[in-house]
Amino acid sequence: MNKLRFDGKTAIVTGAGGNPSLGRAHALLLGSRGANVVVNDIDAKHAPSTSTAKSVAAEIVAAGGKAVHDNNSVATEAGAKAIVQTAMDAFGGVDILVNNAGIIYQAAMTEISPADFQRTIDVNLMGPVWMTRAVWKHMQGKGYGRIVNITSGSMFGFALQAAYAASKGGLFSFTRATAAEGERYGIKANAITPAGFTRMIIGGQEEDCPTYQTAKNRMRPEQVAPVVAFLSHESCPVTGECIDAMGGMVRRIYMAGTKGIVDPDLSIETLASRWGEIMDGASEQRIPYALMDAFKLHSKKYEPAF
C-alpha cells in the first residue's frame, strides 16, 4: 500500500493548539506527511492546556516539517481572512482546510446565557462559514480543495448541549451544501463526528465521570487524525459525507428517509392510523438523501437583501 502524503500541499487546521487536542493531532499528522501547516488557535487562558498554536507549530518543525502559527479568531470574518492570509504569506496558497475550532458550554436551556449561546454559534458554525468563504476563491481558482468540518454526535440531540448541538447540526448541513456547490470546482467537503480525550473534556467534566474515564482510557486524539487526513488527501473518493470516528472505530453517518406512505387524500385520521408505517425504520428501503445540484434549478439572479 502506497503511503499517502501531502507534499506541496498547504493545510490550515483551526483550534490546533492545546494538548491533548484533536486539532493538534490533525496538524501533527499532516505535517509528518509533508504538508505545510498553519496551526491556528487563540491563546485561551480558561482552557486547560500544556501547549499553544506556537508550540504545536514548533513540534512540527522540530520533527522536520514546515509550519507556522496563527492566533486569529475564526469567529469573525476579519479573523478568518487573516488566518488565510497567514497561509498565503507563508506558503503561497491553501489546499486543505480543517475546521476544527470549537467551544462548548454544558448548561440547561434556561441557564445558558444569551452571550454564551451566541458565542457557541459564532465559533462552531460561523467560524467554519467564514473560513470556508475565505479559502473558497483560492481553491476555486486552482480547481482543487479539501475541506473537513469537525461536527459532533451532539447534533442528534444531547441534553444540556442545545447551543452546541445547534451549531454542529448546522455545520453538518453546511458541509452538504458546500459539497454540492464545490463539486464542479474540484472542491470536496466532508465532515467527521469525532470523540477523543481533549481539553474540552478536561475542562467540562469531572474526573469521576464515566465519559471522562472512557475517553481518557480508550479515545486518543491520534486515533481520529487518520480519518481527517484521509478526507484531506487528493485521493479522497467522497464529498458531502459524514464519518464517525472514535477509539479506532470508523463508520458512515448519513440522513435517510423511511419508505413512509402515499395518500393523496391525506387526513389527520390517516396519519393516526398509519403512523407506524411512517416511522418504520426497519425497511430495506431507507435511502440516503443525495446532494442536489441547485445550479440547475436557479433562474433568478441573487440580489443582497441588506
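For our numbering, add 3 to where a residue sits in the sequence shown, where the first one is 1.
Backbone N, C-alpha and C fix where the C-beta goes; we use that ideal spot for every residue, glycine too.
Note that the coordinates shown come from a computational prediction; the quantities given were computed from them, not determined experimentally.
Spanning the alpha carbons of M249 and A162 requires a straight line of approximately 21 angstroms.
In this structure, N152 places its C-beta atom within 8 angstroms of the C-beta atom of T178. Cβ-Cβ distances below 6 angstroms link G251 to Q226 in the same chain, with the five nearest sequence neighbours on each side left out; the list follows chain order.
A check of alpha carbon separations from V41 across D98, M258, E80 identifies D98 as the nearest.
Every alpha helix (DSSP H) stretch that sits fully inside the segment 250–287 and reaches 4 residues is listed by chain position as 271–282. For A192, the closest C-alpha among the options A182, R136, H236 is that of A182.
Shown here for D296: same chain residues with a beta carbon closer than 7 angstroms to its own, the five before and five after excluded, namely A183 in chain order.
Distances from the CA of V138 to each of I271, G95, R277 were compared; the closest alpha carbon is that of G95. Beta bridge pairing from DSSP links I190 with G148. DSSP, read as helix, strand or coil, puts H29 in helix.
Here Y167 is buried, its C-beta having at least 16 other C-beta atoms within 10 Å. Between A293 and the set G189, G260, S157, A30, the nearest pair of CA atoms involves G260.
For T13, the enclosing beta strand (DSSP E) has its first and last residue at 13–16. Assigned with DSSP and collapsed to three states, L128 falls in helix. Here T79 carries a coil assignment [DSSP, helix/strand/coil]. Under the three-pair Cβ rule at 8 angstroms, the segment 236–243 does not count as touching the segment 271–281.
Taking 8 angstroms as the cut-off, the beta carbon of T196 is found closer than this to the beta carbon of S155. Distance from A30 to I63 at the Cβ level is roughly 7 angstroms; contact confirmed, criterion being Cβ atoms closer than 8 angstroms. CA-CA distance, A14 to I86, rounds to 11 angstroms.
Assigned with DSSP and collapsed to three states, I45 falls in coil, not helix or strand.
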